[in-house]
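**Student:** Chains as they are written, first to last, in the working numbering: chain X, 13 to 128; chain S, 16 to 131. We put the CB at the ideal spot given by N, CA and C, even for glycine. What you are looking at is a predicted structure, and each value in this text was computed from that prediction instead of being measured. Would you mind keeping the following structure in view while I ask a few things?
What follows is the structure, given as structure tokens:
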């Protein structure tokens, strides 16, 4: 299994441009997540999905959109990029550990985005 | 609501010295507790977790953490660190809403720097 993969690894955007961050997992996990990580701030949840066709907002959803048309893919869309969206973005997926009765998350390697 | 406080943003130590990374949380419901590690330019990896049972949990690379319910803490310890332990460590909680589980809530992270 490749696990959780993200593309691109790095991107520089100009203010007002748009782009899509790609995330794919091959573990057949139902749950998927997008986080952003800012220095000294930990990870903040942007959006999450509990299965294909179902998405919901996290803590910091403004300026982003997501879709989940398949179990494998969970792209994150930035419309009208702003400098405040400069961050490292992590995608994650999780499955239910039946023995433990808890969801365990697996993270992708991240996308470093700079908006200037 | 839940919150996680990691008291130290940076912890420098010498190789083979012991280390403790502190984590406190607040929650009105029961929680599961996690430590994640992020090596430079990589995504997060699960280091260890407390779900139930013994309050002392261990990882395969010598780290351990103890859940203290009365002090609402989940401090991470290692008796002798290596250069390769240099990384950022995140404490996280997942609230358990009576069987329906919430999303992970992260602390701001502690950067462990091991010097020779």
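DSSP three-state call for residue 27 of chain S: helix, strand or coil?
**Tutor:** strand
**Student:** Tell me, please, whether the CB atom of residue 77 of chain S is closer than 8 Å to any CB atom in chain B?
**Tutor:** The displayed structure is made up of protein chains X and S, and chain B is not among them.
**Student:** What is the DSSP secondary structure of residue 18 of chain X, reduced to helix, strand or coil?
**Tutor:** In the structure shown, residue 18 of chain X sits in a strand (DSSP, three-state: E or B).
**Student:** Where does residue 53 of chain X land, buried or exposed, given buried means 16+ other C-beta within 10 angstroms?
**Tutor:** exposed
**Student:** Is residue 36 of chain S closer than 8 Å to residue 90 of chain S when the C-beta atoms are compared?
**Tutor:** At a Cβ-Cβ threshold of 8 Å, residue 90 of chain S and residue 36 of chain S count as neighbours.
**Student:** Which bits of chain X does residue 118 of chain S rub up against, with CB to CB less than 8 Å?
**Tutor:** 45, 57, 60, 70
**Student:** For the beta strand (DSSP E) containing residue 93 of chain X, list its first residue and its last residue.
**Tutor:** Unbroken run through residue 93 of chain X: none, as it is neither H nor E.
**Student:** Could you have a look at residue 8 of chain S and say whether DSSP puts it in helix, strand or coil?
**Tutor:** Residue 8 of chain S is absent from the model: chain S starts at 16 and stops at 131.
**Student:** Taking all protein chains shown into account, do 16 or more other C-beta atoms lie within 10 angstroms of the C-beta of residue 38 of chain X, making it buried, or fewer, making it exposed?
**Tutor:** exposed
**Student:** Give me the Cα-Cα distance between residue 83 of chain S and residue 40 of chain S, rounded to the nearest whole angstrom.
**Tutor:** 10 Å
**Student:** Let me make sure I understand the geometry here. Which of X/17, X/22, X/15 has the alpha-carbon closest to that of residue 99 of chain X?
**Tutor:** X/22
**Student:** Indicate the three-state DSSP secondary structure (helix, strand or coil) for residue 32 of chain X in the structure shown.
**Tutor:** Residue state, collapsed to three classes: strand.
**Student:** Whose Cβ in chain S lies nearer than 8 Å to the Cβ of residue 116 of chain X?
**Tutor:** 61, 64
**Student:** How about residue 39 of chain X: is its C-beta nearer than 8 Å to some C-beta of chain S?
**Tutor:** no
**Student:** Taking the straight line between their C-alpha atoms, what separation do you get for residue 62 of chain X and residue 28 of chain X?
**Tutor:** 30 Å
**Student:** Of all Cβ atoms in chain S, is any one closer than 8 Å to the Cβ of residue 87 of chain X?
**Tutor:** Taking 8 Å as the threshold, the shortest C-beta distance from residue 87 of chain X to chain S does not fall below it.
**Student:** Hey, is residue 20 of chain X's beta-carbon within less than 8 Å of any beta-carbon in chain S?
**Tutor:** no
**Student:** Identify every residue that forms a DSSP beta bridge with residue 110 of chain S.
**Tutor:** Beta-bridge annotation (DSSP): residue 110 of chain S is paired with S/46.
**Student:** Does the distance from the C-beta atom of residue 64 of chain X to that of residue 82 of chain X stay below 8 Å?
**Tutor:** yes
**Student:** What does residue 57 of chain S touch in chain X if you count any residue whose Cβ is under 7 Å from its own?
**Tutor:** 121
**Student:** Relative to the alpha-carbon of residue 124 of chain X, which residue among X/15, X/16, X/24, X/17 has its alpha-carbon at the smallest distance?
**Tutor:** X/24
**Student:** Return helix, strand or coil for residue 52 of chain X, following the three-state DSSP convention.
**Tutor:** Here residue 52 of chain X sits in coil by DSSP.
**Student:** Could you check whether the Cβ of residue 105 of chain S sits closer than 8 Å to any Cβ belonging to chain X?
**Tutor:** yes
**Student:** What are the residues of the region 19-51 of chain S that lie near chain X, defined by any Cβ-Cβ distance shorter than 9 Å?
**Tutor:** 19, 21, 24, 47, 49, 51
**Student:** Taking residue 84 of chain S as the query, report the chain X residues whose CB atoms sit under 7 Å from its CB, ordered along the chain.
**Tutor:** Ordered by position in chain X, no residue passes the 7 Å Cβ test against residue 84 of chain S, which lies about 17 Å from the chain.
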